[in-house]
Every structure is written in structure tokens, then in C-alpha cells.
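Engineer: Quick note: the sequence shown uses our numbering, first residue -19, plus one each step. No residue lacks a Cβ here, since even glycine has one placed at the ideal position from N, Cα and C. Questions regarding the structure given below will be posed in turn.
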Amino acid sequence: MIDIAVLGSAAGGGSPQWNSNSPACVAARHGESRAMLRSQASIAMSADGEHWFILNASPDLRAQIIAEPALHPRPGSLRDTPIAGVLLTGGEVDTVTGLLTMRERQAFRLYATPSTFALLDQNPIFSVLDRDLVTRDVLRLNERIMLPLPDGRPSGLFAEAFAVPGKPPLYAEDAADPTASQNEDETIGLAIDDGTRTLLYVPGCATMTEDLRARSRHADAVFFDATLWRDDEMIAGGYGAKTGQRMGHMSVAGPGGVLDALKDCTAPVRMLIHINNSNPLLLADSPERAQAEASGWRVAEDGMRISI
């Protein structure tokens, strides 16, 4: 069995975002029941309920750890953590910034692709993670690896990284062609399994692929990119000048959107995650939420616990 804890469910900025008056942000800020408070996307998983692996270290990681008792230090020693490792799906600000929260000389394993590790190495601030304690494990595309505990014992979980269409992090874009991928492994999805059940985590995806469809058909739980409801959402709402495609995210609705592209997915658990504050999915009483739920998908929520 794999236990899953949703630590955060929103896209970069969370909801409410500090400078946003989107309908979802206003409703959440005023405590309306139709719009919950959401931190930036991250989930944790465990095969034994004692040792946990975090998928993406969001800027809200400290608060997320405080909010999830399973991640609290265990009694018996001055310093402790049940967090065995962190796996990164890329080098975006909202996937790596939380690593700085974990700088207090604690052993854990850090997993990323060569491209993402190269981005971390380009910024000396990440050297605060002591290499003698924070073991780096490279994720190679399409290679299934065991996730050991910090002391080397098996955790009961395995991980496989696979390429998904995306783009470089905003700070690493090429000015001449911002959306051009520089390396195949710069944006990945993760398949986590315990030998029996499989969790698919894809918080960022620019377009559907046949490989991704096939993986989703064999998964027991799918957490998928729901950044924007429609491709021109940022422009139409007056939030910005970028389309979802320019941002590296496929839309949820419309032809080729998540609901359409994964209509044959029969995973018992189908979750929409990494939801931007402009997305009407964040409002529980919206037609968009009703449409998603009618299609068999649920909107992930901070604090949600699931077992597969």
C-alpha cells in the first residue's frame, strides 16, 4: 500500500497569491467555504507510514511540514525527521525553493535529473545543503530505481522518471526561443510504485503524449497538471500576456486538454493538481469544477490523505 499526503495543491504563488484579487483568491482570503487556502503543489508518499518521500520542495515546505503530523520529528532525539528523500520533477522556482528549508544538517536523499542538478549547481545558495548529509541520486529517464532510506535500507518504494513535454524554468529560458527545450530531462513525470500499485505524478505538462496516455491507463492514482482551465485564461482574465502553452502547461478543458486527452484513464484515483489562482476550478461551486468532477476527476486539496 502507498500512503499519499497532499501537502500543497496550487500552482506557483498559491491561493490566495500575495498580490492577486482573482475570484478564487478573494474568496479564499475572505474565508468563503467555496475556496480553500492552498499552498504550492507538493505531495508526500510512504510505503510503511513511517518514512516519507516528498515530490517537489515547494516554497511553502516549512508550513506544509508543520501542517502534516506524519512529517514531524519523532520523539527520542534532539533532531529527527521521517522525511527520507525529496524527488524533483524539474528546476522551477516552485519545485526547488523548499530545499532551502531543509538546510539544517539533516540526512536525506535528493533525487533529480542531470539537467535539474546542473541548475542547482549554477546557484551557490543550494550549497547550504551539506553534501556529506544530503545524498544526491541521479534520475535517469525510463530507469526504475529503488528508493532507499538514508541508512540504505529499502523503503518499499520504487521510482521511474519519464520525459514529458515542457520548457526550461523561467529563469533559465533562452531569450531567443523561451519555450525551446534544452534537455530532454528538464521536465519529467514520476511513476512511483511499491511493486503492486503505481502513482503517477505529472504537475507540469505542455501537451499529451502516447507514452503518457499509456502510463495513465496502468496507474492506480494519477495526479496531473491543472494549471489553467483554458489556454488563454491569463490573457482573457487580465492576469498576464502568456498562454498556457507559453507557460509550458496544457489546459484542462477543450480539445486536447487534460479531460479530453485522458478520457480513457480509469485509475481509481484521478486528481487535478498544480492549479493556478486564475483557474475557476478552485471555486467549489463553479461550472468548471462540476465538469471536471463529472469527468471522473477530483481537485486535490491541501491536507488530503489517500491510500492506494
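Can you check whether the CB of A199 is closer than 8 angstroms to the CB of L170?
Structural biologist: Not in contact: L170 and A199 (Cβ atoms no closer than 8 angstroms).
Engineer: Have a look at L17, S2, M126 and N1 and flag the residue whose alpha-carbon is nearest the alpha-carbon of A8.
Structural biologist: It is L17.
Engineer: My understanding is that S22 touches Q44, with C-beta atoms under 8 angstroms, so please give their C-beta distance in whole angstroms.
Structural biologist: Yes, they are in contact, since the Cβ atoms of S22 and Q44 sit about 6 angstroms apart, within 8 angstroms.
Engineer: So, at 7 angstroms on beta carbons, what are the nonlocal neighbours of M284 in its own chain, with the 5 sequence-adjacent residues on each side left out?
Structural biologist: Excluding residues within five positions, the ones whose Cβ falls inside 7 angstroms are V(-14).
Engineer: Work out the CA separation of E273 and S266 for me, nearest whole Å.
Structural biologist: If I take the Cα positions, the gap works out to 11 angstroms.
Engineer: Helix, strand or coil: how does DSSP classify P(-4) here?
Structural biologist: Three-state result, P(-4): coil.
Engineer: What does DSSP give as the partner residues of W32 in its beta bridges?
Structural biologist: DSSP lists I63 as partners of W32.
Engineer: So T75 is in the alpha helix (DSSP H); what residue range does that whole segment cover?
Structural biologist: Taken as a continuous stretch (DSSP letters only), the alpha helix (DSSP H) holding T75 covers V73 to V76.
Engineer: If you draw a straight line from the alpha carbon of V114 to that of G65, how long is it in whole angstroms?
Structural biologist: Taking the straight line from one Cα to the other gives about 9 angstroms.
Engineer: DSSP three-state label for A(-9), please.
Structural biologist: Note: A(-9) maps to coil in three-state DSSP.
Engineer: Sorted by chain position, which residues of the same chain lie with C-beta nearer than 6 angstroms to F203's C-beta, five sequence neighbours on each side aside?
Structural biologist: Cβ neighbours of F203 beyond the five flanking positions: Y181, M251 and I253.
Engineer: Assuming D117 contacts R89 under a Cβ cut-off of 8 angstroms, what Cβ separation, rounded to an integer in Å, is found between them?
Structural biologist: That belief holds up - the Cβ atoms of D117 and R89 are roughly 6 angstroms apart, short of 8 angstroms.
Engineer: How would you write the range of the beta strand (DSSP E) that M88 sits in, first residue to last?
Structural biologist: Here residue 88 is Phe; the residue named in the question, Met, does not match the sequence. Its beta strand (DSSP E) spans residues F88 to A92.
Engineer: Look at the Cβ atom of R133, then the Cβ atom of D110, and state whether they are nearer than 8 angstroms.
Structural biologist: Against a cut-off of 8 angstroms, the Cβ pair of D110 and R133 comes out as no contact.
Engineer: Quick one: give me the first and last residue of the beta strand (DSSP E) that G169 is part of.
Structural biologist: G169 -> beta strand (DSSP E) spans I168 to D173.
Engineer: To which residues of the same chain is D174 closer than 8 angstroms at the C-beta, ignoring the five residues directly before and after it?
Structural biologist: Here the set comprises M(-19), I(-18), A27, G136, L137 and F138.
Engineer: Return the first residue and the last residue of the alpha helix (DSSP H) that D191 is part of.
Structural biologist: That run of the alpha helix (DSSP H) goes E190 to R197.
Engineer: Mind checking K147: buried by the 16 CB within 10 Å criterion, or exposed?
Structural biologist: So K147 ends up on the buried side.
Engineer: Give every residue of the same chain whose Cβ lies closer than 6 angstroms to the Cβ of P149, excluding the five residues on either side of it in the sequence, and list them in chain order.
Structural biologist: So the qualifying residues of the chain are G71 and E72.
Engineer: Can you tell me which residues form a DSSP beta bridge with V182?
Structural biologist: Bridge partners of V182: F204.
Engineer: Counting beta carbon pairs with one atom in the stretch 1 to 15 and one in the stretch 239 to 248, are three or more of them shorter than 8 angstroms?
Structural biologist: These segments do not touch.
Engineer: When burial is assigned at 16 or more other CB atoms within 10 Å of the CB, is A176 buried or exposed?
Structural biologist: The sequence given here has Thr at residue 176, not Ala. So T176 ends up on the exposed side.
Engineer: With DSSP run on the structure shown, which of helix, strand or coil describes L239?
Structural biologist: Helix at L239.
Engineer: Under 7 angstroms Cβ to Cβ from A50, same chain only, skipping five residues before and after it: list those, please.
Structural biologist: Cβ within range, chain order: A(-15), W32 and P62.
Engineer: For the alpha helix (DSSP H) containing R269, list its first residue and its last residue.
Structural biologist: That run of the alpha helix (DSSP H) goes P267 to A274.
Engineer: So P128 is in the beta strand (DSSP E); what residue range does that whole segment cover?
Structural biologist: Element bounds for P128: R124 to P128.
Engineer: Give me, in chain order, the residues of the same chain whose beta-carbon lies closer than 6 angstroms to that of G217; leave out the 5 immediate sequence neighbours on both sides.
Structural biologist: So the list reads S258, once near-sequence residues are dropped.
Engineer: Assign Q102 to one of two classes, buried (16 or more other C-beta atoms within 10 Å of its C-beta) or exposed (fewer than that).
Structural biologist: Flag for Q102 reads exposed.
Engineer: On the three-state DSSP scale, how would you describe I23?
Structural biologist: Of the three classes helix, strand and coil, the one that applies to I23 here is strand, per DSSP.
Engineer: With DSSP as the reference, label G224 as helix, strand or coil.
Structural biologist: It is helical.
Engineer: With E290 as the anchor, note down where its alpha helix (DSSP H) starts and where it stops.
Structural biologist: Past the edges of the chain, shown from -19 to 288, lies residue 290, and the structure says nothing about it.
Engineer: Just to confirm my understanding: we take L(-11), look at its own chain, exclude 5 residues before and 5 after, and list those with CB closer than 7 angstroms. What are they?
Structural biologist: According to the sequence as given, residue -11 is Ser; it is not Leu. R18, A21, I253, I255, A280, E281 and D282, listed in sequence order.
Engineer: Can you tell me where the beta strand (DSSP E) holding V114 begins and where it ends?
Structural biologist: V114 to V118 is the span of the beta strand (DSSP E), which, as asked, contains V114.
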